[in-house]
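Written out below as structure tokens is the structure these notes cover.
In the numbering used here, the protein residues as written are 13 to 301.
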């Protein structure tokens, strides 16, 4: 793990998360990768050099990297593609798929003169105070005229605030001390990219929307610890985990219900008594240096 791995990467490593299995396999779905190429890559093809250097920042297991590489190659491009991530477990999988890998956080990366940098659902892995620095680093890593194409887990400001508040509940155990999650609205993303120096910066379209429930987030980041405690027969630890789970779900449901009372139920699906799914969007941005 890089010296400045994001709060999201640190949480994934601790919980043993396989990103390809998250959200019912959203990030290992071929159709979703094809949409990324259609919306984010095809509109800029004529502006890309035929011999192109591509980096997937926060690319995890390399699923999207490989699909973008194959897509560009099918259009006649000579592609040199690498996955950059601070999770060594993910990179081992990417390497086994024949991809070049770089173990590093985005902020600590030594990438320079890239023609194209791609990313998917990466920005929110960084705390609010680091997000502008991430945009700045990506801008610095590109050649003049280079592109940053990225898909962001987004929604209205209120939706982003709700999801951030839920993930930052202390009893969930996902956010580290003084390092919290912060989902960004489209307006915030555009503003940060502009501040970083990108001269072109727009939403090219939308990938398939998604949703999650507070309970899914609990399972994602606590299943490993729960299974280990069960295997060890550690009743004391299991009781502690169950207490945290109850406290987290109570607080998460309170936040959802307060949101619905204030902003309406648009984007909120009730699936049971005090059980909800929160829907969100996936805009794909094209930014040019």
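Backbone N, C-alpha and C define an ideal beta-carbon position, used for all residues, glycine too.
Here the structure is a predicted model, which means the values were calculated and not measured.
Distance, residue j Cα to residue i Cα
{"i": "residue 199", "j": "residue 77", "result": "27 Å"}
{"i": "residue 291", "j": "residue 196", "result": "14 Å"}
{"i": "residue 262", "j": "residue 282", "result": "15 Å"}
{"i": "residue 213", "j": "residue 228", "result": "33 Å"}
{"i": "residue 26", "j": "residue 175", "result": "21 Å"}
{"i": "residue 286", "j": "residue 265", "result": "6 Å"}
{"i": "residue 114", "j": "residue 150", "result": "15 Å"}
{"i": "residue 42", "j": "residue 204", "result": "30 Å"}
{"i": "residue 259", "j": "residue 183", "result": "7 Å"}
{"i": "residue 112", "j": "residue 70", "result": "13 Å"}
{"i": "residue 268", "j": "residue 239", "result": "28 Å"}
{"i": "residue 90", "j": "residue 61", "result": "9 Å"}
{"i": "residue 126", "j": "residue 152", "result": "9 Å"}
{"i": "residue 24", "j": "residue 233", "result": "7 Å"}
{"i": "residue 168", "j": "residue 289", "result": "16 Å"}
Cβ shell of residue i (< 6 Å), same chain only, five flanking positions each side left out
{"i": "residue 18", "result": "137 and 138"}
{"i": "residue 170", "result": "275"}
{"i": "residue 302", "result": "Because the chain in this structure spans residues 13 to 301, residue 302 falls outside the shown range and cannot be described."}
{"i": "residue 14", "result": "No answer about residue 14 holds up, because its pLDDT of 42 lies below 50 and its placement is not dependable."}
{"i": "residue 144", "result": "204"}
Range of the contiguous alpha helix (DSSP H) that encloses residue i
{"i": "residue 226", "result": "226–244"}
{"i": "residue 270", "result": "247–275"}
{"i": "residue 207", "result": "198–208"}
{"i": "residue 170", "result": "169–179"}
Close beta carbons around residue i, own chain, < 8 Å, minus the five adjacent residues each side
{"i": "residue 218", "result": "51, 293, 294, 295 and 296"}
{"i": "residue 211", "result": "300 and 301"}
{"i": "residue 201", "result": "135, 164, 166, 295 and 297"}
{"i": "residue 245", "result": "none"}
{"i": "residue 271", "result": "170, 174 and 280"}
Own chain residues within Cβ distance below 7 Å of residue i, not counting five before or after
{"i": "residue 75", "result": "32, 39, 40 and 45"}
{"i": "residue 206", "result": "213"}
{"i": "residue 87", "result": "57"}
{"i": "residue 172", "result": "166, 195, 196 and 197"}
C-beta atoms of residue i and residue j nearer than 8 Å
{"i": "residue 135", "j": "residue 123", "result": "no"}
{"i": "residue 95", "j": "residue 53", "result": "no"}
{"i": "residue 222", "j": "residue 35", "result": "yes"}
{"i": "residue 130", "j": "residue 215", "result": "no"}
{"i": "residue 257", "j": "residue 250", "result": "no"}
{"i": "residue 64", "j": "residue 159", "result": "no"}
{"i": "residue 236", "j": "residue 28", "result": "yes"}
{"i": "residue 208", "j": "residue 148", "result": "yes"}
{"i": "residue 226", "j": "residue 178", "result": "yes"}
{"i": "residue 192", "j": "residue 109", "result": "no"}
{"i": "residue 142", "j": "residue 162", "result": "no"}
Residues that residue i bridges to, as DSSP identifies them
{"i": "residue 94", "result": "67 and 112"}
{"i": "residue 139", "result": "Residue 139 pairs with nothing; no bridge assigned."}
Segment limits, beta strand (DSSP E) that includes residue i
{"i": "residue 316", "result": "Nothing about residue 316 can be read from this structure; the chain reaches only from 13 to 301."}
{"i": "residue 42", "result": "Per DSSP, residue 42 belongs to no beta strand (DSSP E); it is in the alpha helix (DSSP H), 42–48."}
{"i": "residue 77", "result": "It is not in any beta strand (DSSP E) - residue 77 instead sits in the alpha helix (DSSP H) that spans 75–86."}
{"i": "residue 128", "result": "126–132"}
{"i": "residue 301", "result": "That residue, residue 301, is in no beta strand (DSSP E); it is neither H nor E in DSSP."}
{"i": "residue 281", "result": "280–284"}
{"i": "residue 217", "result": "212–218"}
{"i": "residue 287", "result": "287–292"}
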